[in-house]
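Peer 1: Attaching a single structure in C-alpha coordinates format; questions to follow.
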Amino acid sequence: GDLAALLARPAETVTQRLLAELCIARRLGAGRPA
29 GDLAALLARP AETVTQRLLA ELCIARRLGA GRPA
(Lines of atoms letter the chains of each structure in order from A; the text may use other names.)
(Lines give C-alpha, C1' and ligand atoms only; values in the text may rest on other atoms or scores of the structure.)
Protein backbone atom coordinates (compact mmCIF):
# COMPACT_ATOMS: atom_id res chain seq x y z
CA GLY A 29 0.00 0.00 0.00
CA ASP A 30 0.94 3.68 -0.10
CA LEU A 31 3.13 4.56 2.87
CA ALA A 32 1.90 8.16 2.96
CA ALA A 33 -1.70 6.99 2.98
CA LEU A 34 -0.96 4.58 5.83
CA LEU A 35 0.72 7.30 7.87
CA ALA A 36 -2.28 9.56 7.30
CA ARG A 37 -4.61 6.95 8.80
CA PRO A 38 -5.26 6.34 12.51
CA ALA A 39 -3.05 3.74 14.19
CA GLU A 40 -5.99 1.37 14.66
CA THR A 41 -6.80 1.38 10.96
CA VAL A 42 -3.16 0.79 10.04
CA THR A 43 -2.91 -2.11 12.49
CA GLN A 44 -6.06 -3.76 11.16
CA ARG A 45 -4.83 -3.24 7.60
CA LEU A 46 -1.52 -4.95 8.42
CA LEU A 47 -3.34 -7.82 10.14
CA ALA A 48 -5.62 -8.20 7.13
CA GLU A 49 -2.67 -8.30 4.73
CA LEU A 50 -1.00 -10.86 7.01
CA CYS A 51 -4.09 -13.08 6.85
CA ILE A 52 -4.22 -12.76 3.06
CA ALA A 53 -0.53 -13.67 2.81
CA ARG A 54 -1.18 -16.74 4.96
CA ARG A 55 -4.09 -17.78 2.77
CA LEU A 56 -2.02 -17.37 -0.40
CA GLY A 57 0.89 -19.26 1.18
CA ALA A 58 -1.38 -22.08 2.36
CA GLY A 59 -3.00 -22.29 -1.08
CA ARG A 60 0.34 -22.82 -2.80
CA PRO A 61 1.86 -26.31 -3.06
CA ALA A 62 4.97 -26.76 -0.94
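If you read the sequence shown in the working numbering, its first letter stands for residue 29, the second for the next number, and so on. Where a beta carbon is used, it is the ideal one built from N, C-alpha and C, also for glycine. Just so it is clear, the structure is predicted and the values come from calculations on it, not from any experiment.
Would you kindly work out how many angstroms separate the C-alpha atoms of V42 and R55, rounded to a whole number?
Peer 2: So the two alpha carbons sit approximately 20 Å from each other.
Peer 1: Tell me the DSSP secondary structure of T60 in three-state form.
Peer 2: Note on identity: in this sequence residue 60 is Arg, with Thr being the wrong assignment. Coil, per DSSP.
Peer 1: Roughly how many whole angstroms lie between the Cα atoms of E49 and A32?
Peer 2: Rounded to the nearest angstrom, the two C-alpha atoms are 17 Å apart.
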